[in-house]
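Notes follow once the structure below has been shown.
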Amino acid sequence: MSRTFDASLKARNAADYADFLLPHLDDDFRVLDAGCGTGTITLGLAETVGHVVGVDSSGEEFADAQRYAADHNIENVEFRVGSVYALDFPDDHFEASLCHSMLETLAYPLDGLIEIKRTLKPGGVLGVACVEYGGLILTGPNDQLLRRFYDIRERVWQLENAADPYRGRLLRGLLERAGFDRVVATSKYFCYGTGEAVKSFGQARAEDCSDDWYERSAGKHGLASASDLDAMSRAWLEWSESPDAYLAFAWCRALGQKPSYKS
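Numbering (the working numbering), first residue to last: 1 to 263.
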């Protein structure tokens, strides 16, 4: 197992990213992690419930998590390739579901939520979360240049229909429209305010500046040149070493229950 995946397990864990859902889970629950991505949160959920199924559109996303589960004899978790629009599970199958960092990527988020609701038992709970670009707090050296990094990513997402950077604020309404009961929306900030956290975050963003997708898309849409991206990368590295650096991102989350009656 790579050190990168081990680091991801610590950085993107259920205790931090699914904390709003965890109090609603019991140790005998079957849980669906819809849009599980790399599976780090899925593995964390497996520590607290009876069984977890992570579903993502690409098996390459969760390949490391599968190997980790096999290597550590974690038998109550499985991963499947599938679409949130057509989940391969019967009606009323799960007691709970998590949908983290996925709704913002869907062209039809309401359809995805309705399909997840179908697989939940009556009274089953769903927790959804999306990053909210309107909640970025950023300061430190070259902060305007660093903000441009996010402006470019946001614009590329929108131009290529890859994600909606402002879907987080819509979660309450989406759950209500999908027919969930007792909907509660909240927000949480993930903060980078220690020397170690700032250094790690800044170095990762510097690497993102040369990511194939980011570099190609920024050039394709005329948003940044290679020299612009190189300047941003160097700015992130400078920021990562600065005692003045601080960054926080807002995440919007919402909880809802499938009605106990047939809707």
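Ideal Cβ placement from N, Cα and C applies to all residues, glycine included.
Per DSSP, Gly219 forms a beta bridge with which residues?
Per DSSP, none; premise fails for Gly219.
Determine, using beta carbons only, whether Leu45 and Val31 come nearer to each other than 8 Å.
yes
Just to confirm the assignment: which complete alpha helix (DSSP H) runs, minimum length 4, are found wholly within the stretch 109 to 189?
Along the stretch 109 to 189, the alpha helix (DSSP H) occurs as fully enclosed runs of 4 or more residues at 109 to 119, 143 to 159 and 171 to 177, listed in sequence order.
Anticipated Cβ contact below 8 Å, Ala96 with Leu43, distance rounded:
Going by Cβ atoms, the distance from Ala96 to Leu43 rounds to 16 Å, so no, they are not a contact pair.
For Asp228, the three-state DSSP class (helix, strand or coil):
If DSSP states are grouped into helix, strand and coil, Asp228 belongs with the helices.
Taking the continuous alpha helix (DSSP H) assigned at Arg67, which residues delimit it?
Ala63 to Asp71
Residue environment, Glu196, which counts as buried when at least 16 other CB atoms sit within 10 Å
exposed
Helix, strand or coil for Ser242, going by three-state DSSP, please let me know.
coil
Between which two residues does the alpha helix (DSSP H) containing Arg205 stretch?
Gly195 to Asp208
Inter-residue spacing [alpha-carbon to alpha-carbon] between Gly37 and Asp228:
30 Å
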